[in-house]
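Peer 1:
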Amino acid sequence: MSATKNHDDPNNYRLPTNVKPSHYDITFKTDLEKATFEGVVKITLDVKVDTSLIVLNVSRLELGNASIYSDVLGTEQPATIVHTDKVQERVTYEINEMLPAGSKAKLKIYFSGKLGENMMGYLRGSWENEGKTEYYALTQFQPTAARSAFPCWDEPLLKATFAITMISRAGTINLSNMPALSEEPILEGIDAEKWIITKFDTTPPMSSYIVALANGPFKFLEKSVFMPLSRKTIPLRIYTPPNVVGQAEFVLGVSASVLPLYEKIFGVEYPLPKLDTVVGNIVDGAMENWGLIIGNSVAFLLDANNADIRAKKRVASVQSHEIAHLWFGDITTMEWWNYLYLNEGFATLVRESSRLSYDWLIMPEQMGEVIVPEWRVNSEFITKRLNAALNLDAKLSSHPIEVECLDTDSISQMFNPLSYDKAASVLRMLSFYVGEEIFLKGVSTYLKKNIYGNSVTHDLWDGISSATGLDITDLMENWITKTGFPVVTVTEHDKGITVRQDRFLESGFDSEQDNETLWNIPLGILSTTPGKLWGRHVITDRTQVLREREVTITLDTTKPFKLNAGTNGVFRILYTPARLALIATEAAKEDSIFSLDDKIGLLQDAVALSKAGLSMLSSSLDFITKLKNEKEYLVWQAIAESLSSVRDVWWEYPEIVDKLDAFRRSLFTPLVKKLGFEYPKDEALDKSLLRTLAVEHAYEAGDERTYQETGDESHILADLQIVIYSAATRYGGRTEYDAMTKIYSQPKTPSEQASAARALAAPQDANLIAETFEFISNKAQNRDVGTIFNALAQNYNARRPFTKYVQESYDLLYARFKGTFSLKFLFPAAISFYSTKADYEEVARFFRDKDTSKYNQTLNQALDGIQARTKYVEVRERTRWFLKR
Numbered sequence: 001m002s003a004t005k006n007h008d009d010p011n012n013y014r015l016p017t018n019v020k021p022s023h024y025d026i027t028f029k030t031d032l033e034k035a036t037f038e039g040v041v042k043i044t045l046d047v048k049v050d051t052s053l054i055v056l057n058v059s060r061l062e063l064g065n066a067s068i069y070s071d072v073l074g075t076e077q078p079a080t081i082v083h084t085d086k087v088q089e090r091v092t093y094e095i096n097e098m099l100p101a102g103s104k105a106k107l108k109i110y111f112s113g114k115l116g117e118n119m120m121g122y123l124r125g126s127w128e129n130e131g132k133t134e135y136y137a138l139t140q141f142q143p144t145a146a147r148s149a150f151p152c153w154d155e156p157l158l159k160a161t162f163a164i165t166m167i168s169r170a171g172t173i174n175l176s177n178m179p180a181l182s183e184e185p186i187l188e189g190i191d192a193e194k195w196i197i198t199k200f201d202t203t204p205p206m207s208s209y210i211v212a213l214a215n216g217p218f219k220f221l222e223k224s225v226f227m228p229l230s231r232k233t234i235p236l237r238i239y240t241p242p243n244v245v246g247q248a249e250f251v252l253g254v255s256a257s258v259l260p261l262y263e264k265i266f267g268v269e270y271p272l273p274k275l276d277t278v279v280g281n282i283v284d285g286a287m288e289n290w291g292l293i294i295g296n297s298v299a300f301l302l303d304a305n306n307a308d309i310r311a312k313k314r315v316a317s318v319q320s321h322e323i324a325h326l327w328f329g330d331i332t333t334m335e336w337w338n339y340l341y342l343n344e345g346f347a348t349l350v351r352e353s354s355r356l357s358y359d360w361l362i363m364p365e366q367m368g369e370v371i372v373p374e375w376r377v378n379s380e381f382i383t384k385r386l387n388a389a390l391n392l393d394a395k396l397s398s399h400p401i402e403v404e405c406l407d408t409d410s411i412s413q414m415f416n417p418l419s420y421d422k423a424a425s426v427l428r429m430l431s432f433y434v435g436e437e438i439f440l441k442g443v444s445t446y447l448k449k450n451i452y453g454n455s456v457t458h459d460l461w462d463g464i465s466s467a468t469g470l471d472i473t474d475l476m477e478n479w480i481t482k483t484g485f486p487v488v489t490v491t492e493h494d495k496g497i498t499v500r501q502d503r504f505l506e507s508g509f510d511s512e513q514d515n516e517t518l519w520n521i522p523l524g525i526l527s528t529t530p531g532k533l534w535g536r537h538v539i540t541d542r543t544q545v546l547r548e549r550e551v552t553i554t555l556d557t558t559k560p561f562k563l564n565a566g567t568n569g570v571f572r573i574l575y576t577p578a579r580l581a582l583i584a585t586e587a588a589k590e591d592s593i594f595s596l597d598d599k600i601g602l603l604q605d606a607v608a609l610s611k612a613g614l615s616m617l618s619s620s621l622d623f624i625t626k627l628k629n630e631k632e633y634l635v636w637q638a639i640a641e642s643l644s645s646v647r648d649v650w651w652e653y654p655e656i657v658d659k660l661d662a663f664r665r666s667l668f669t670p671l672v673k674k675l676g677f678e679y680p681k682d683e684a685l686d687k688s689l690l691r692t693l694a695v696e697h698a699y700e701a702g703d704e705r706t707y708q709e710t711g712d713e714s715h716i717l718a719d720l721q722i723v724i725y726s727a728a729t730r731y732g733g734r735t736e737y738d739a740m741t742k743i744y745s746q747p748k749t750p751s752e753q754a755s756a757a758r759a760l761a762a763p764q765d766a767n768l769i770a771e772t773f774e775f776i777s778n779k780a781q782n783r784d785v786g787t788i789f790n791a792l793a794q795n796y797n798a799r800r801p802f803t804k805y806v807q808e809s810y811d812l813l814y815a816r817f818k819g820t821f822s823l824k825f826l827f828p829a830a831i832s833f834y835s836t837k838a839d840y841e842e843v844a845r846f847f848r849d850k851d852t853s854k855y856n857q858t859l860n861q862a863l864d865g866i867q868a869r870t871k872y873v874e875v876r877e878r879t880r881w882f883l884k885r
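Residue numbers (the UniProt record's numbering): 1 to 885.
#1: Using 8 Å as the cut-off, can you tell me whether the stretch 554–568 makes contact with the stretch 448–456, which would need three or more C-beta pairs spanning the two stretches below that distance?
#2: For the alpha helix (DSSP H) containing asparagine 343, list its first residue and its last residue.
#3: Is threonine 540 closer than 8 Å to glycine 524 when the C-beta atoms are compared?
#4: Quick check: what's the CA-CA separation for lysine 108 versus lysine 42?
#5: Where lysine 626 and alanine 584 are concerned, what is the direct C-alpha to C-alpha distance, given to the nearest angstrom?
#6: In the DSSP assignment, find the alpha helix (DSSP H) that holds lysine 673 and state where it starts and stops.
#7: Leaving aside the five residues before and after lysine 824 along the sequence, list all residues of the same chain whose C-beta is less than 6 Å from its C-beta, in chain order.
#8: Helix, strand or coil, according to DSSP, for proline 242 in the structure here?
#9: Let me check understanding here. Comparing Cα to Cα, which of Lys779, Glu771, Glu586, His697 lies closest to serine 745?
#10: Can you check whether the CB of serine 822 is closer than 8 Å to the CB of valine 873?
#11: Exposed or buried, what is aspartate 71 when buried is set at 16 or more other beta-carbons lying within 10 Å of its beta-carbon?
#12: With DSSP collapsed to three states, give me the class of leucine 717.
#13: So, helix, strand or coil for proline 486, using DSSP?
#14: By how many angstroms is the C-alpha of threonine 852 removed from the C-alpha of arginine 14?
#15: Please confirm if the stretch 153–172 is in contact with the stretch 301–311, defined as three or more CB-CB distances below 8 Å between the two stretches.
#16: Taking C-beta to C-beta, are arginine 547 and leucine 518 nearer than 8 Å?
#17: Taking 7 Å as the limit between beta carbons, can you name the residues of its chain near serine 642, skipping five residues before and five after?
#18: Who pairs with arginine 536 in a beta bridge, going by DSSP?
#19: What three-state label does DSSP hand isoleucine 639 in the structure shown?
#20: Go through its chain and collect everything with a Cβ distance to glutamine 366's Cβ below 7 Å, but skip five positions before and after it.
#21: Are aspartate 864 and serine 397 close, meaning C-beta to C-beta below 8 Å?
#22: Does the distance from the CB of lysine 194 to the CB of alanine 170 come in under 8 Å?
#23: From Trp290, Met98, Val82, pick the residue whose C-alpha is nearest to that of threonine 92; which is it?
#24: Serine 610 lies in the beta strand (DSSP E); which residues open and close that run?
#25: Once DSSP output is grouped into helix, strand and coil, what is the label at serine 182?
#26: Would you call the stretch 800–810 in contact with the stretch 826–834, where contact means no fewer than 3 C-beta pairs closer than 8 Å?
#27: Exposed or buried, which one is valine 87 when buried takes at least 16 other CB atoms within 10 Å?
#28: Could you tell me whether the stretch 11–31 touches the stretch 40–57, using the rule of 3 or more Cβ pairs below 8 Å?
#29: Could you check what DSSP says for glycine 566 in three-state terms: helix, strand or coil?
#30: Run the CB neighbour count on proline 235, radius 10 Å, all protein chains shown included, and call it buried at 16 or more, exposed below.
#31: Should glutamate 590 and proline 560 be called a contact, given that it needs their Cβ atoms to be closer than 8 Å?
#32: Which residue or residues does DSSP assign as beta-bridge partners of glutamate 550?
#33: Would DSSP call histidine 83 helix, strand or coil?
#34: Can you tell me whether proline 156 is buried or exposed, with buried defined as 16 or more other CB within 10 angstroms of its CB?
#35: Only counting the same chain, and skipping five residues up and downstream in sequence, which positions put a Cβ closer than 6 Å to that of phenylalanine 882?
#36: Distance cutoff 8 Å, beta carbons only. Does phenylalanine 668 sit that close to anything in chain C?
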């Protein structure tokens with residue numbers, strides 16, 4: 001059997017398996033000044049079948065001489081390129097003699113390339129240091145960009161060990177996954193420039209997408225941690241541009257806290273001898289390269305003495321996520337990209353698990369170390385992750401968590417909230433059902449069984465089944481392999497309740513909807529019994545699982561009850577209006593049986609169901625009104641986001657917007673008056689967050705008293721920076737706008753730059769809005785364009801001009817972002833807010849002749865959203881319910 005037929009098969013999207021790599025020796029020479037690199041790779045191959053053809057991945061590289069040495073043939077032969085496939089990014093080499101099965105061979109290829117600027121591959125960036133421009137280089141290989149830096153078998157299943165050597169200009173630092181074994185100066189030519197050569201230790205077996213390189217004049221902070229299982233001391237370093245190294249203290253503290261904690265909880269030793277993190281603004285977000293995490297400044301840097309709480313939470317969340325990947329993704333890796341959720345779902349869940357609350361972390365603050373206050377990560381999961389997953393999965397164009405990936409375009413689109421947020425939510429639901437301790441025991445079994453290997457869904461289910469004694473495959477299969485999620489309708493009768501499951505869609509029930517799936521739904525029924533001494537005793541029945549379409553359950557409905565205790569399930573619940581009113585009354589009590597997590601879920605369900613036309617919005621607004629004396633920040637956050645989502649549908653109906661804004665002001669303006677604008681040093685975290693939220697939403701609802709021009713930037717509190725900057729450009733004019741562009745170009749911190757970027761999208765003046773479009777095209781950094789796009793989408797005066805700008809600049813934007821994760825979010829951001837048939841048809845017509853293969857999922861989701869909003873407006877406009885409040 002040869003590789004020829006396998007390669008020529010048009011349906012084959014995986015590399016042939018006639019040979020498999022076991023080890024790479026790679027030398028890179030990086031020239032930062034010329035923005036080029038060159039090198040040689042020597043790949044040890046295990047020959048599986050007789051073959052004279054070798055197929056591997058290459059993209060955007062110039063290939064030089066190639067040869068292959070066979071241990072059986074005992075000779076080195078030239079390898080000739082006989083086929084290049086630019087679409088599948090492959091090259092086929094042929095040799096004169098057949099390589100026999102069972103033998104080993106070594107393929108050597110010389111290569112060269114240009115350092116990129118587009119957030120994928122081997123990249124070059126720059127910074128200003130003491131009036132001089134300095135260059136640096138970083139890698140971002142996930143999912144399929146390692147092939148743009150060196151020829152390789154660029155598939156997660158094809159793990160190998162890597163021994164990397166880097167040659168670079170003297171005065172720079174070389175970094176890779178492993179520690180350096182040696183570093184020496186070298187000279188080249190008569191008028192020799194100074195270079196250094198750094199040899200790194202060999203990695204454990206790993207996938208190509210987590211290979212990492214960094215080169216530049218970085219500065220670093222360091223500390224070490226003692227690991228509880230291995231009993232080893234692991235050095236930690238954070239590398240940054242020289243002038244901001246002090247802003248890395250906080251993320252270094254996160255690393256020091258999280259790494260040993262995860263080793264203990266997962267029960268698997270961290271196998272590498274170091275963990276570095278590198279900061280550079282040429283990448284988008286952060287990446288979990290084994291031993292060398294790489295991310296941008298917004299993800300990792302802040303001024304710990306003057307940073308808002310949300311910035312600290314963001315940095316801690318991102319780094320915790322990336323470190324979780326060192327186990328879920330690096331030690332044990334998904335077999336193919338359709339199992340991406342095994343990486344991303346776990347990393348998302350782990351960083352926001354109640355078990356892994358940030359109470360456990362020790363963070364650097366000022367000159368000492370203090371314990372971070374309670375960050376309520378499990379409760380915030382509901383507002384931040386679960387609700388986002390449900391909102392996306394409620395679209396007809398959604399897809400299963402696990403879906404086949406046939407090409408690089410579909411792989412890139414898998415990095416979406418379904419792989420992250422829905423997957424994490426489903427795993428969280430399973431953890432609640434079986435118990436977190438047993439769940440983690442099963443996860444540890446899964447990791448140990450697949451250490452240094454690759455896994456599929458059933459490997460995970462087997463591990464948890466072994467810990468629980470349950471058939472987890474039977475319980476969970478449809479949650480992973482089927483699209484959507486259920487709404488559970490509750491009806492009451494003399495003996496209890498009847499519950500029925502149907503697929504939930506944002507457009508409501510539809511005769512044409514796919515409603516065939518039956519999920520196994522852990523109902524988590526919360527109810528009460530009389531207490532032993534006084535009051536009520538709250539009980540949660542975790543045993544009830546709805547497996548059929550409909551079932552009757554015995555329950556005392558004269559007492560308060562609710563389904564989905566703690567909002568741990570991935571479903572929404574439709575109660576009768578009378579029951580929802582009773583639930584709202586109970587939720588408003590000081591001694592309510594409903595927890596913070598229950599209240600958040602109840603609010604989000606009520607609004608989502610009303611937007612789908614399954615209940616009246618008036619019921620949701622009444623629910624919110626009853627909670628106006630609520631003290632919990634996260635409940636108010638759920639209220640704020642829910643009201644914003646409803647208002648957003650009616651953005652071109654001023655009389656509706658005005659009524660909803662008046663309602664929002666009636667809620668948030670009193671909070672602002674009560675809490676004020678000052679942030680006392682020792683104030684409770686929840687109160688600080690609530691103040692920020694209240695000010696932001698009073699401002700968004702049109703309360704101009706939240707903005708007063710002082711001309712004194714020094715008095716802007718970090719927690720209010722975003723809203724103050726945005727209010728300045730919204731209510732101000734040229735002076736304020738120019739101030740934001742200056743702050744953006746010369747920021748003191750990454751957070752300040754991000755706030756300025758958002759503010760540039762807030763003007764109401766058409767000329768300034770047009771300037772923002774020019775700013776996007778000519779001045780905005782690639783990583784900030786998505787931030788500005790999202791902010792423009794929230795500016796009602798900018799929406800239609802925004803769509804026109806994107807349509808007119810389509811080709812330039814597509815070329816600029818086509819190789820990045822950002823592309824799939826940019827174009828949908830400019831259309832998703834419409835709510836008429838005419839707009840739907842116009843938008844669909846524009847994209848009809850475009851190549852949307854790289855973003856068709858998010859485009860279809862945006863189009864689905866327009867149709868759902870249109871239906872909502874049409875139905876509600878006929879009843880005119882909104883004018884009666």
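All C-beta atoms in this analysis are idealised placements derived from N, C-alpha and C, irrespective of residue type, glycine included.
Peer 2: Considering the structure as presented:
#1: Under the Cβ criterion (8 Å, minimum of three pairs), the stretch 554–568 does not count as touching the stretch 448–456.
#2: In the sequence shown, the residue the question calls residue 343 occupies position 343. Per DSSP, asparagine 343 belongs to the alpha helix (DSSP H) from 341–351.
#3: Numbered from its first residue, the sequence shown carries residue 524 at position 524. Numbered from its first residue, the sequence shown carries residue 540 at position 540. Yes.
#4: Residue 108 sits at position 108 when you count from the first residue of the sequence shown. Residue 42 sits at position 42 when you count from the first residue of the sequence shown. Taking the straight line joining both Cα atoms gives about 4 Å.
#5: The residue you call residue 626 lines up with position 626 of the sequence shown. The residue you call residue 584 lines up with position 584 of the sequence shown. Pairing lysine 626 with alanine 584, the inter-Cα distance amounts to about 7 Å.
#6: Taking the sequence shown and counting its residues from 1, the one referred to as residue 673 is at position 673. From DSSP, the alpha helix (DSSP H) with lysine 673 extends over 654–675.
#7: For the purposes of this step, residue 824 is taken as the residue at position 824 of the sequence shown. The answer, listed in chain order, is Gln413, Tyr855, Thr858.
#8: The sequence position of residue 242 within the sequence shown is 242, counting from 1. DSSP places proline 242 in helix when its eight states are reduced to three.
#9: Here the question's residue 745 lines up with position 745 in the sequence shown. Checking every option, the nearest Cα to that of serine 745 belongs to Lys779.
#10: Within the sequence shown, residue 873 is the residue found at index 873, counting from 1. Within the sequence shown, residue 822 is the residue found at index 822, counting from 1. Against a cut-off of 8 Å, the Cβ pair of serine 822 and valine 873 comes out as no contact.
#11: Taking the first residue of the sequence shown as position 1, residue 71 is located at position 71. By the 10 Å Cβ count, aspartate 71 comes out exposed.
#12: For the purposes of this step, residue 717 is taken as residue 717 along the sequence shown, with counting starting at 1. Here leucine 717 sits in coil by DSSP.
#13: Residue numbering aside, residue 486 sits at position 486 when the sequence shown is read from its first letter. DSSP places proline 486 in strand when its eight states are reduced to three.
#14: Position 14 of the sequence shown, counted from the start, is the residue given in the question as residue 14. Position 852 of the sequence shown, counted from the start, is the residue given in the question as residue 852. Going by the C-alpha atoms only, they are around 23 Å apart.
#15: As far as the Cβ criterion goes, the stretch 153–172 does not touch the stretch 301–311, which means the pair count is below three.
#16: Against the sequence shown, residue 547 aligns to sequence position 547. Against the sequence shown, residue 518 aligns to sequence position 518. The answer is yes: Cβ separation under 8 Å.
#17: By one-based count along the sequence shown, residue 642 stands at place 642. Hits under 7 Å: Leu603, Gln604, Val607.
#18: Mapped onto the sequence shown, residue 536 falls at position 536. According to DSSP, which records beta bridges pairwise, arginine 536 is partnered with Pro530.
#19: Stepping through the sequence shown from its first residue, residue 639 is reached at position 639. Isoleucine 639 falls in the helix class under three-state DSSP.
#20: Looking up residue 366 in the sequence shown gives position 366. In this predicted model, glutamine 366 has a pLDDT of only 28, less than 50, meaning its place in the structure is not dependable; the value taken from the coordinates is given anyway. Contacts found: Asn305.
#21: Here residue 864 corresponds to residue number 864 of the sequence shown, with the count starting at 1. Here residue 397 corresponds to residue number 397 of the sequence shown, with the count starting at 1. Yes, the pair counts as a contact, with Cβ atoms nearer than the cut-off.
#22: Numbered from 1 along the sequence shown, position 194 holds the residue referred to as residue 194. Numbered from 1 along the sequence shown, position 170 holds the residue referred to as residue 170. Cβ atoms of lysine 194 and alanine 170: closer than 8 Å.
#23: Indexing the sequence shown from 1 puts residue 92 at position 92. With distances taken between Cα atoms, threonine 92 lies closest to Val82.
#24: Here residue 610 is taken as the residue at index 610 of the sequence shown, counted from 1. No beta strand (DSSP E) holds serine 610; the alpha helix (DSSP H) holding it covers 596–611.
#25: Numbered from its first residue, the sequence shown carries residue 182 at position 182. It is a strand residue.
#26: yes
#27: In the sequence shown, the residue the question calls residue 87 occupies position 87. Classification for valine 87: exposed.
#28: yes
#29: Residue mapping note: residue 566 aligns to position 566 of the sequence shown, counting from 1. The answer is helix: DSSP assigns glycine 566 an H, G or I state.
#30: For the purposes of this step, residue 235 is taken as residue 235 along the sequence shown, with counting starting at 1. Under a 10 Å Cβ-count criterion, proline 235 is classified as exposed, with fewer than 16 other Cβ atoms of the shown protein chains found around its own Cβ.
#31: Stepping through the sequence shown from its first residue, residue 590 is reached at position 590. Stepping through the sequence shown from its first residue, residue 560 is reached at position 560. With contacts defined as CB atoms closer than 8 Å, glutamate 590 and proline 560 fail to qualify as a contacting pair.
#32: Walking along the sequence shown from the start, residue 550 turns up at place 550. Paired residue(s): Arg500.
#33: By one-based count along the sequence shown, residue 83 stands at place 83. Three-state result, histidine 83: strand.
#34: For the purposes of this step, residue 156 is identified with residue 156 of the sequence shown, where counting begins at 1. Result: buried.
#35: Looking up residue 882 in the sequence shown gives position 882. Any answer about phenylalanine 882 is weak, because its pLDDT of 45 lies below 50 and its placement is not dependable; what the coordinates show is given next. Correct list, in chain order: Ile656.
#36: In summary, chain C is missing from the structure at hand, where a single protein chain is found.
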